[in-house]
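All remarks here apply to the structure that follows.
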Amino acid sequence: MDPHTTASILPLLGWAVHGGILARRLACARRDPLTGLHTRAGWTDRADHLIRRHSNAAVLLVDLDHFKTLNDTHGHAAGDAALIATADRLRTWCGRSGTAGRLGGDEFVAVVRDLAAADLDALTAALHRPLHYDGMSLPLAASVGACRISELPMPVLPDALAAADAAMYAAKGRGRRGSRTTR
C-alpha cells in the first residue's frame, strides 16, 4: 500500500474507533449500571413511544419503603441487592408489554400498554416478597402509584408522571404498603 493511501485511511480508522467508543458510552448512559434498567433518558424515549401508540397505557412510579433503614441496618451491599431484586421483579412484571427504568436512589418507573391486563396486584405482591440475602430474609416493601393515560386531559408523559407520583404518595400516606391508581 502506498504511503498516501495509508495516510488517508488512518484518520478514518481513528474516527471509526472514536465513534464506536461514543456509541458505547451513550448506550451505557441510558442503562443503570447496578440494575441494568433504563435510566430516565432511556426510559423516557420508550415511554413516550408506548404512550403515543397505546391509548390504554399506564405509567407507574415505585418507591421502596424503608430502604434507608434496610441500607443502614444491613449495609450497602444488602441495599444494592434490594435494588437489583426490585428491578428484576419490575422488569419481569413488565415483560413484553412495557418497559421499566430506575430514576435514581430507590425510585423506579414503568410504563405498560394496558394496566388492566398487567395486573397491578401481582406487581405489588412481587415487590413485597422478602429478599433472601446473606442467609437472612430481609423484608421488602414498595409503594406504587399508577396513572392511566386515558384518564388525563392531555395524554403526555410529564402529566402521567406527576399523577403517578401523587398516587404513589397517597399509597404511602395510607400507612400501609400497596398501590394506588389515579381516579
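One point on numbering: in the UniProt record's numbering, the residue at position 154 of the sequence shown is 154, and numbering is uninterrupted. Cβ coordinates follow ideal geometry from the N, Cα and C atoms, glycine included.
Exercise. What span of residues does the alpha helix (DSSP H) with residue 99 cover, start to end?
Worked result: Indexing the sequence shown from 1 puts residue 99 at position 99. Boundaries for residue 99: no alpha helix (DSSP H) harbours it, while the beta strand (DSSP E) harbouring it runs 98-104, taken from the DSSP string.
Problem set entry | Chain-order list of residues whose beta-carbon lies under 6 Å from that of residue 32 (same chain, five-residue window excluded) | One-based indexing of the sequence shown puts residue 32 at position 32. Answer for residue 32: 39 and 102, listed in chain order.
Exercise. Can you give the Cα-Cα distance for residue 61 and residue 140, rounded to whole angstroms?
Worked result: Here residue 61 refers to the residue found at position 61 of the sequence shown. Here residue 140 refers to the residue found at position 140 of the sequence shown. If you take the alpha carbons of residue 61 and residue 140, they lie about 16 Å apart.
For this session: Tell me, please, which residues DSSP counts as bridged to residue 136.
Result: Stepping through the sequence shown from its first residue, residue 136 is reached at position 136. Under the DSSP definition of a beta bridge, residue 136 partners with 133.
For this session: Can you tell me which of the three DSSP states residue 128 falls into?
Result: Residue mapping note: residue 128 aligns to position 128 of the sequence shown, counting from 1. Residue 128: coil per DSSP, three-state reduction.
Problem set entry | Cα-Cα separation, residue 236 to residue 154 | Only positions 1 to 183 of the chain appear in this structure, which leaves residue 236 out of reach.
Problem set entry | Run of the alpha helix (DSSP H) containing residue 168, from where it starts to where it stops | Here residue 168 is taken as the residue at index 168 of the sequence shown, counted from 1. Residues 157-173.
Problem set entry | Endpoints, beta strand (DSSP E) assigned at residue 107 | Along the sequence shown, read from residue 1 onward, the residue named residue 107 stands at position 107. Element bounds for residue 107: 107-112.
For this session: Identify whether residue 38 lies in helix, strand or coil by the three-state DSSP scheme.
Result: Within the sequence shown, the letter at position 38 stands for residue 38. Annotated three-state conformation of residue 38 is strand, per DSSP.
Problem set entry | Same chain, Cβ closer than 8 Å to residue 173, five either side skipped, listed in chain order | One-based indexing of the sequence shown puts residue 173 at position 173. Cβ within range, chain order: n/a, list empty.
Exercise. Who pairs with residue 31 in a beta bridge, going by DSSP?
Worked result: One-based indexing of the sequence shown puts residue 31 at position 31. 38.
Exercise. Any idea if residue 69 is buried or exposed, counting beta-carbon neighbours within 10 angstroms, 16 or more meaning buried?
Worked result: Taking the first residue of the sequence shown as 1, we reach residue 69 at position 69. The residue in question, residue 69, is exposed, as its Cβ has fewer than 16 Cβ neighbours within 10 Å.
Exercise. Along the chain, where does the alpha helix (DSSP H) that runs through residue 79 open and close?
Worked result: The residue labelled residue 79 in the question sits at position 79 within the sequence shown. First-last of the alpha helix (DSSP H) with residue 79: 76-94.
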